[in-house]
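Numbering of the sequence shown is given in this note's numbering, commencing with residue 51 and proceeding in unit increments. Glycine included, each C-beta is placed from N, C-alpha and C at the ideal position. Following: one structure in C-alpha cells, then a few remarks.
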Amino acid sequence: MRFGLTLPNRGVLFGAITADQMLEMSEIADRSGVFQDLWVGDSLFGKPRMESITLLAGVAGRTKRLRLGPACMASFPLRDPVLMAYQWASLDLLAGGRTVMVACTGIVPQAGGEVENAHYGVDNKGRAERLVEWITILKRLWTEDNVIFEGKHYRLNGLSVDPKPAAKPRPPIWIANNSLKSRDVIERTHRRVARHADGWMTALSDPEDVAWRVQDVRKKVKEAGGTPDAFECNLYHNINVNKDRDAALAESKRFLDAYYTVDMPISRVASWTAAGTPEQCAEHLRVYQRVGMTSVGLRCTSWDQTGQLKRVIDEVLPHFR
C-alpha cells in the first residue's frame, strides 16, 4: 500500500497550520522515502481554504518525487472546464508530470453545497452531469487540438489548450465519492467511476462497507473493459499518534469539529482516524489494506502538524516496509 500526506489547507483559518508550514511539510514528506503522494483539500466558499491549484503549484516547486492532487476537487463541476484544463496543464508542467486530478460532485449539504449551488445556478443533478462532461472535456483538451464538443452544459467549437500537460498521454483523472444512499444509487456511482475514471477515492471508514465497495468498483471496471488490478482505490483518512489513544481521539475530534464546523460523533472520529500508539495506528491502517485499498492519504488531526508528521514517518509507516 502506498501512502500520501494530506495537507490541512483549511487549517489556516483556525490556527492549525500556516502556508509556510504546509510547504515545509511537503518537503519533509518528499524527502522521507515513505510517502509517495501529497494531497490538498478543495472547496470554494462552502468550506473556504487556501485555493487548491495555487497551493499545489507552490508544493510542486518544493518537491521532486511526490504525486500531487486534490482530495478531492469538490469545486470541479463549478469551475469553468476550459480554464481548469489550462490551469491543470500548467500545474502538471511545473510538477514534471506528477499530478492526478481527483474529481467529485461536491454534493455535501453540511459542507455548504446549497450556498454554492445558489451562487452558480446549479442543482445537485447538474453537478453530477457536469462531472462527466467536464471529465470528457479535460481528457480531450489535454490530448487533442481543435476540440469540438457538444454537451448539455458546455460547448467547444474548435478549441485547443496549449501547452499540453507533461504527463503522456495525459494526467490521470480519478473520481471520489462517498454516497450513503441506496445500493442501486451506489452501484450507479461506481459505474460512473468505472466508465470515466482511472481511479477511485473515498472517505468512508467502515471496513465491511469499504470492502464491498472496492469489490464492486473493480467488478464494474472489468465490465467496462478495464483492468481491475491496475485500478487504484484510495482511502482519505486521518491519523493522530499518541501513547494515549483516548487523548489522540479527543484532539482529533477537536480538530475535525473545527475543520468542518460540526459536532462530529466520537464514533465517526474513531472509525475515520488511525489513533493511538504507532502500533495501534499501523494495525488500524492494515485493516484497509486487507480489504483491498491500494493507497491511503493521511491527514494529521493535530495542532502540532510537523511533530505528528515526523512521528508518522519515523514510527508508523516503517511498519509497512
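Buried or exposed by the 16-neighbour rule on C-beta atoms within 10 Å, applied to residue i
i: F281; result: buried
i: N196; result: exposed
i: G156; result: buried
i: D142; result: buried
i: S232; result: exposed
i: N227; result: buried
i: A69; result: exposed
i: L57; result: buried
i: V312; result: exposed
i: E49; result: Any property of residue 49 remains undetermined from this structure, which presents the chain solely from 51 to 371.
i: A133; result: The question names Ala, yet the displayed sequence has Leu at residue 133. Exposed, because fewer than 16 other Cβ atoms sit within 10 Å of the Cβ of L133.
i: P98; result: exposed
i: A66; result: buried
i: P328; result: buried
i: G163; result: buried
i: A297; result: exposed
i: D279; result: exposed
Run of the alpha helix (DSSP H) containing residue i, from where it starts to where it stops
i: R52; result: Element bounds for R52: not the alpha helix (DSSP H) but the beta strand (DSSP E), R52 to L57.
i: M72; result: A69 to S82
i: D87; result: D87 -> not in any alpha helix (DSSP H); beta strand (DSSP E) instead, spanning D87 to V90.
i: G108; result: S102 to A110
i: L143; result: P131 to L144
Nearest-angstrom Cβ-Cβ length linking residue i and residue j, presumed shorter than 8 Å
i: V84; j: I289; result: Not confirmed; about 13 Å, so no contact.
i: V291; j: V366; result: 6 Å
i: L285; j: V346; result: 4 Å
i: R263; j: T252; result: 7 Å
i: L55; j: L306; result: Contact flag wrong, Cβ pair sits at about 17 Å.
i: V235; j: W250; result: About 16 Å; that fails the 8 Å criterion.
i: P127; j: V172; result: 7 Å
i: A121; j: W89; result: 4 Å
i: G377; j: L144; result: Look at the range of the chain in this structure, 51 to 371, and you will see that residue 377 is not part of it.
i: L335; j: A324; result: 5 Å
i: H240; j: V182; result: Actually they do not touch by this definition, with Cβ atoms about 14 Å apart.
i: L116; j: N59; result: Not confirmed; about 16 Å, so no contact.
i: I225; j: C283; result: Contact doesn't hold; Cβ gap of about 11 Å is too wide.
i: R180; j: H203; result: 5 Å
Backbone CA spacing between residue i and residue j [nearest angstrom]
i: T344; j: M123; result: 20 Å
i: S93; j: G119; result: 14 Å
i: A217; j: W192; result: 9 Å
i: L299; j: G357; result: 17 Å
i: D87; j: D354; result: 21 Å
i: D256; j: R361; result: 25 Å
i: V109; j: S76; result: 6 Å
i: W322; j: K303; result: 10 Å
i: V271; j: V260; result: 16 Å
i: S140; j: G208; result: 20 Å
i: W184; j: Y338; result: 31 Å
i: N167; j: R129; result: 12 Å
i: E273; j: R52; result: 26 Å
i: W330; j: S82; result: Correcting the residue type first, residue 330 is Gln in the shown sequence and not Trp. Taking the straight line from one Cα to the other gives about 21 Å.
i: P315; j: R190; result: 43 Å
i: L348; j: H287; result: 5 Å
i: Q137; j: I103; result: 8 Å
i: E194; j: R238; result: 29 Å
i: R340; j: F199; result: 42 Å
i: M151; j: R220; result: 10 Å
i: K175; j: P222; result: 25 Å
i: R242; j: G146; result: 29 Å
i: V158; j: Y170; result: 16 Å
i: T149; j: P215; result: 9 Å
i: Q265; j: E333; result: 22 Å
Extent of the continuous beta strand (DSSP E) run through residue i
i: P120; result: R117 to P120
i: M251; result: G249 to T252
Which parts of the stretch 255-308 are runs of the beta strand (DSSP E), unbroken and 3 residues or longer, counting only runs that do not cross its ends? 282-291
Inside the stretch 152-238 only - beta strand (DSSP E) runs reaching at least 3 residues: Counting only unbroken stretches of 3 or more residues, the beta strand (DSSP E) elements lying wholly within the stretch 152-238 are 197-200, 205-209 and 223-226, in sequence order.
Report the residue ranges of all alpha helix (DSSP H) runs contained in full by the stretch 310-371; include only those spanning at least 4 residues, in chain order. If we require 4 residues or more, the alpha helix (DSSP H) runs fully inside the stretch 310-371 come out as 316-322, 328-340 and 355-361.
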